[in-house]
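Below is one structure; the comments refer to it alone.
Protein chains: 2
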Amino acid sequence: MERADAARNRQAVLRATEQLLAEGGGDHVSLDRVAALAGVGKGTVFRRFGNRAGLLQALLEERSRELREAVVTGPPPLGPGAAARERLLAFLGGLCAIAEGNAVLLSAHEQACADDKYTDPSYRFWHAHLTSLLDGAGTDPGFLAHGLLALFDGALIRHVGPGRFTDSVKEYAATLI
Amino acid sequence: MERADAARNRQAVLRATEQLLAEGGGDHVSLDRVAALAGVGKGTVFRRFGNRAGLLQALLEERSRELREAVVTGPPPLGPGAAARERLLAFLGGLCAIAEGNAVLLSAHEQACADDKYTDPSYRFWHAHLTSLLDGAGTDPGFLAHGLLALFDGALIRHVGPGRFTDSVKEYAATLI
DNA sequence: AATATAAGCGGACCGATGGTCCGATTGCCA
DNA sequence: TGGCAATCGGACCATCGGTCCGCTTATATT
Chain F
1 MERADAARNR QAVLRATEQL LAEGGGDHVS LDRVAALAGV GKGTVFRRFG
51 NRAGLLQALL EERSRELREA VVTGPPPLGP GAAARERLLA FLGGLCAIAE
101 GNAVLLSAHE QACADDKYTD PSYRFWHAHL TSLLDGAGTD PGFLAHGLLA
151 LFDGALIRHV GPGRFTDSVK EYAATLI
Chain V
1 MERADAARNR QAVLRATEQL LAEGGGDHVS LDRVAALAGV GKGTVFRRFG
51 NRAGLLQALL EERSRELREA VVTGPPPLGP GAAARERLLA FLGGLCAIAE
101 GNAVLLSAHE QACADDKYTD PSYRFWHAHL TSLLDGAGTD PGFLAHGLLA
151 LFDGALIRHV GPGRFTDSVK EYAATLI
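Encoded structure:
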């Protein structure tokens, strides 16, 4: 059981992080600043989240929890029951929505994860889901899944511009499968 | 005209950088170490290459110069003259060869470029070439090109394992076009 | 309510890093 | 050979991620 003050501080830190992400670029979010804005000590941030990557990942998971649950236990077309192709397109749509609204967070997280990106639990989950949906269609569904997920890059989203991004991804996926 | 000692130092720095990249991970390459190993002052490194990203990009350009020239002025199937599909597959093959041999350098460069990745001259060049080769085939060749280039991620190469990577990319491209 | 105890807290501290600056040096050309 | 501009080098700086440890406090127990 987590102590009440601990839970309060976890929230404060998360809220401070998203505020800093919103008002400045991803490099504006130093852990010193996060701690200061949250009104806690730096040690607290690290005890809760381990390191910079952990903090950003926690925020990312919070933002994608809904989609994750919908995909596992929700109704079709996201959840089980629909045809794989339907589910896949619906899933990519959901991912696009999250990605477009969190481009800065995405970049910061990638930057922080660096090489561990592919062992990150979040990534593993999306990748496993995509792979299973792509099974049978074409060759090497695992690599296909990597190829699709590679599109969800914060800098790319900003580069092509949100709005255009979602449409492009859908076209791209339609071409691929 | 570049002074003789300046040219010598530029070489020394590049060689030191690749040696450090080879013997340790990408994070082993601090500019202090590069300067020390090259036998020059830190200021020299920055005067030559501007910053960390510039240094890595210079190395990357050196490693890919051959392919760049082959693509522009070389004989088919890489150069002009062959069918677009042939050229595209040949080009991706060349890129794979470079990428597999330079996964660590790729990662380090991505990390250093961060958000400027898509305005990096090197990236622009590859992207423009791919886009022109993809013109007509399918929709939004520009985004297709981004999708293909997104595969060339140092961490991904290490994750799927070199060898497997090239084959997977070729399958992927064949599916896509 | 008093107490014990473990969990939590905060911020000083550390090592490393990217990047700057300027006095000393040195290649180059006349 | 002399003068000068380009080059050099490494001390210096700000910042960052991460650690540490003495102090505080929430909570369970009696």
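Line by line, the protein sequences are chains F and V.
In this text, residue positions in the first sequence follow the UniProt record's numbering: the first is 1, and each later residue adds one.
In this text, residue positions in the second sequence follow the UniProt record's numbering: the first is 1, and each later residue adds one.
Yeah, the Cβ is synthetic: ideal placement off N, Cα and C, and Gly gets one too.
Any C-beta of chain F under 8 Å from that of residue i
{"i": "residue 129 of chain V", "result": "no"}
{"i": "residue 111 of chain V", "result": "yes"}
{"i": "residue 122 of chain V", "result": "no"}
{"i": "residue 50 of chain V", "result": "no"}
{"i": "residue 13 of chain V", "result": "no"}
{"i": "residue 160 of chain V", "result": "yes"}
{"i": "residue 114 of chain V", "result": "yes"}
Listed by chain order, chain F residues near residue i by CB distance under 9 Å
{"i": "residue 34 of chain V", "result": "Neighbours of residue 34 of chain V on chain F: none; closest Cβ ~19 Å, over 9 Å."}
Interface partners of residue i on chain V, CB under 8 Å
{"i": "residue 144 of chain F", "result": "172, 175"}
{"i": "residue 45 of chain F", "result": "In chain order: nothing, as chain V lies at least about 22 Å away."}
{"i": "residue 150 of chain F", "result": "147, 150, 151, 153, 156"}
Residue i and residue j closer than 8 Å at C-beta
{"i": "residue 166 of chain F", "j": "residue 100 of chain F", "result": "yes"}
{"i": "residue 84 of chain F", "j": "residue 133 of chain F", "result": "yes"}
{"i": "residue 98 of chain V", "j": "residue 67 of chain V", "result": "yes"}
{"i": "residue 108 of chain V", "j": "residue 29 of chain V", "result": "yes"}
{"i": "residue 173 of chain V", "j": "residue 112 of chain V", "result": "no"}
{"i": "residue 161 of chain F", "j": "residue 110 of chain F", "result": "no"}
{"i": "residue 56 of chain V", "j": "residue 34 of chain V", "result": "no"}
{"i": "residue 105 of chain F", "j": "residue 60 of chain F", "result": "yes"}
{"i": "residue 77 of chain F", "j": "residue 87 of chain F", "result": "yes"}
{"i": "residue 92 of chain F", "j": "residue 170 of chain F", "result": "yes"}
{"i": "residue 69 of chain V", "j": "residue 14 of chain V", "result": "no"}
{"i": "residue 130 of chain V", "j": "residue 176 of chain V", "result": "no"}
{"i": "residue 95 of chain V", "j": "residue 146 of chain F", "result": "no"}
{"i": "residue 49 of chain V", "j": "residue 38 of chain V", "result": "no"}
{"i": "residue 118 of chain V", "j": "residue 159 of chain F", "result": "yes"}
{"i": "residue 79 of chain F", "j": "residue 71 of chain F", "result": "yes"}
{"i": "residue 40 of chain F", "j": "residue 12 of chain F", "result": "yes"}
{"i": "residue 168 of chain F", "j": "residue 5 of chain V", "result": "no"}
Residue-chain proximity (residue i, chain V), Cβ-Cβ < 8 Å
{"i": "residue 168 of chain F", "result": "yes"}
{"i": "residue 156 of chain F", "result": "yes"}
{"i": "residue 118 of chain F", "result": "yes"}
{"i": "residue 132 of chain F", "result": "no"}
{"i": "residue 30 of chain F", "result": "no"}
{"i": "residue 153 of chain F", "result": "yes"}
{"i": "residue 147 of chain F", "result": "yes"}
{"i": "residue 135 of chain F", "result": "no"}
{"i": "residue 84 of chain F", "result": "no"}
{"i": "residue 53 of chain F", "result": "no"}
Residue i: first and last residue of the uninterrupted alpha helix (DSSP H) it sits in
{"i": "residue 170 of chain F", "result": "164-176"}
{"i": "residue 116 of chain V", "result": "No alpha helix (DSSP H) contains residue 116 of chain V, which DSSP labels as neither H nor E."}
{"i": "residue 13 of chain F", "result": "4-23"}
{"i": "residue 186 of chain V", "result": "There is no way to answer for residue 186 of chain V, as the model of chain V reaches only from 1 to 177."}
{"i": "residue 184 of chain V", "result": "Residue coverage of chain V in this structure runs from 1 to 177, which leaves residue 184 of chain V outside it and unanswerable."}
{"i": "residue 46 of chain V", "result": "42-49"}
{"i": "residue 72 of chain V", "result": "52-73"}
{"i": "residue 38 of chain V", "result": "31-38"}
{"i": "residue 156 of chain F", "result": "154-160"}
Chain-ordered chain V contacts of residue i [CB-CB under 7 Å]
{"i": "residue 207 of chain F", "result": "In this structure chain F extends from 1 to 177, so residue 207 of chain F is not present and cannot be described."}
{"i": "residue 24 of chain F", "result": "Within chain V, no residue comes near residue 24 of chain F; the closest Cβ sits about 13 Å away, beyond 7 Å."}
Partner residues on chain V for residue i, Cβ-Cβ distance less than 9 Å
{"i": "residue 64 of chain F", "result": "Under the 9 Å cutoff, chain V gives no residues; its nearest Cβ is about 20 Å from residue 64 of chain F."}
Amino acids of chain F, ordered along the chain, whose beta-carbon sits closer than 7 Å to that of residue i
{"i": "residue 4 of chain V", "result": "Within chain F, no residue comes near residue 4 of chain V; the closest Cβ sits about 39 Å away, beyond 7 Å."}
{"i": "residue 7 of chain V", "result": "Ordered by position in chain F, no residue passes the 7 Å Cβ test against residue 7 of chain V, which lies about 34 Å from the chain."}
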